[in-house]
Amino acid sequence: MNTFMHPTLPIANIFLWFAVVFGVLLAVAACGCVFIILVEPCVQRRRYSRAARVAARFNSENDTAVLLSTRRDSNYP
């Protein structure tokens, strides 16, 4: 009867859930920081080098096409 008159509030459980949610958010933030600091520069470096290779190949093919099209004795359109 005493518990009916004075119910206990599960305040400890609320604090536990706040701690769990805060811990999960902290873990996600830590993983994001590790990704930004360690992984992203490597990905950007590879992406930039691939873009540079594609651009160089396009420029070389484009220059070849320009050279072939300016020659008068070739059949290149």
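Note that the sequence shown covers residues 1 to 77 in full-length UniProt numbering.
Built from N, CA and C at the ideal position, the CB exists for glycine as well.
Predicted model only: the values in this text are computed from it and were never measured.
{"Asked": "Helix, strand or coil at PHE15 [DSSP, three-state]", "Found": "helix"}
{"Asked": "Every unbroken beta strand (DSSP E) within the segment 12-54, with a cutoff of 3 residues, ordered by chain", "Found": "none"}
{"Asked": "Straight-line gap, VAL20 to ALA30 (C-alpha atoms, nearest Å)", "Found": "15 Å"}
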